[in-house]
Amino acid sequence: MRFLPARYLTTAILLALLGWLQWQIWIGRGSYPSVELMRQETAVQRASNELIRQDNERLANDIADLRDGREKMEEIARQELGMIKPNEIFVQYTRP
21 MRFLPARYLT TAILLALLGW LQWQIWIGRG SYPSVELMRQ ETAVQRASNE
71 LIRQDNERLA NDIADLRDGR EKMEEIARQE LGMIKPNEIF VQYTRP
């Protein structure tokens, strides 16, 4: 059995290594397409997190208002339940 000369063996090893590195860059884990997909998913998640943060902030403000006084409870009762005070006229209109 005859072996390849050392220079051919070195060249073959280097080409195999180069091929493996190219495969990792273009197809493997952490490749350009997968990184771009992760960036897009991250952007969508950040937008979702921002909406949830705003909603949480609004809810925290509502809770603080409910704890501090009766004005918020009265506002909710009027808006959602249509409650009115004695000797008060309730007029509801819709915007065009």
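Our numbering puts the first residue of the sequence shown at 21, with every later residue one more than the last. Backbone N, C-alpha and C fix where the C-beta goes; we use that ideal spot for every residue, glycine too.
Express the C-alpha separation of residue j and residue i in angstroms, rounding to a whole number.
i: Leu86; j: Gln60; result: 39 Å
i: Pro53; j: Pro25; result: 39 Å
i: Arg78; j: Lys105; result: 27 Å
i: Ala58; j: Ala80; result: A small correction: the amino acid at residue 58 is Met; Ala does not occupy that position in the sequence shown. Computed Cα separation, rounded: 32 Å.
i: Gly50; j: Thr62; result: 15 Å
So the alpha helix (DSSP H) residue i belongs to, where does it begin and stop?
i: Tyr28; result: 26–46
i: Gln65; result: 52–88
i: Glu108; result: That residue, Glu108, is in no alpha helix (DSSP H); it is neither H nor E in DSSP.
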